[in-house]
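Step one of this worksheet: look at the structure below.
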Amino acid sequence: MSTATPLNSLREEEQIMTTLLGVLKQEQQHLVAAEIDGLTAVTTKKSALVTQMTLLSAQRHRALGKAGYPAEEAGMDAWVAASGADAAEATALWQALQHHAREAKELNRINGMLINKQMGHTQGALQALRPQSAGANNFYGPGGLSTTLPRSRGFLAG
319 MSTATPLNSL REEEQIMTTL LGVLKQEQQH LVAAEIDGLT AVTTKKSALV
369 TQMTLLSAQR HRALGKAGYP AEEAGMDAWV AASGADAAEA TALWQALQHH
419 AREAKELNRI NGMLINKQMG HTQGALQALR PQSAGANNFY GPGGLSTTLP
469 RSRGFLAG
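Quick note on our numbering: the sequence shown kicks off at 319 and runs consecutively.
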């Protein structure tokens, strides 16, 4: 990893964010196709990338603080405005990162909705397989006899 400057962190964050967007799109494809096996690998990748993004963001905030700017997103805006010779690159990277972060947030929201929909289908299928409440709508009891009609006791008229 190179020297920790806001610009270096920004470059790395943008690369990882671009990769994360690709992973989120893969996740969406697996969810739409209900390919549960493919989700495991994608989820592992996604978690690793999010961890990297968190670490790089913290590194960028520390670098901003050392450069005399607030160690937060507003500090990044101020640093970009005052970045001098690297202003064009810094501005482009910062805008791209913000745009990609919004895109990732939206993809993640949609993927969450797809997961909830899939869970609803799964819960419905499981519910259909479960026996209903005691005696109601069961066709056969444990002894193999029908339980939907009341048993007659046999009536003898004499």
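Backbone N, C-alpha and C define an ideal beta-carbon position, used for all residues, glycine too.
Residue i in three-state terms, based on DSSP
i    : result
L338 : helix
E353 : coil
T323 : coil
R448 : coil
G461 : coil
CA-to-CA distance, residue j to residue i, given in whole angstroms
i    : j    : result
L432 : L373 : 28 Å
L342 : E391 : 24 Å
E421 : G461 : 59 Å
G383 : T409 : 19 Å
G386 : W412 : 18 Å
Q344 : Q436 : 16 Å
L425 : I354 : 18 Å
L349 : T361 : 12 Å
A399 : A405 : 7 Å
L325 : L338 : 20 Å
K364 : M335 : 10 Å
Q333 : A366 : 14 Å
H439 : A446 : 11 Å
A414 : L444 : 44 Å
T323 : R378 : 7 Å
E331 : R427 : 21 Å
R380 : A389 : 6 Å
G453 : T358 : With a pLDDT of 48 at G453, under the threshold of 50, the modelled position of that residue is not reliable, and no figure is offered here.
E407 : A396 : 15 Å
S327 : G340 : 20 Å
Near the ligand MN: residue i beta-carbon under 7 Å from a heavy atom
i    : result
A400 : No copy of the ligand MN appears in this structure; indeed no ligand is present at all.
Inset, instruction - Mind listing, in chain order, the continuous alpha helix (DSSP H) runs of no fewer than 4 residues lying wholly within the segment 373-414? - result: Counting whole runs of 4 or more residues, the segment 373-414 contains the alpha helix (DSSP H) stretches 391-399.
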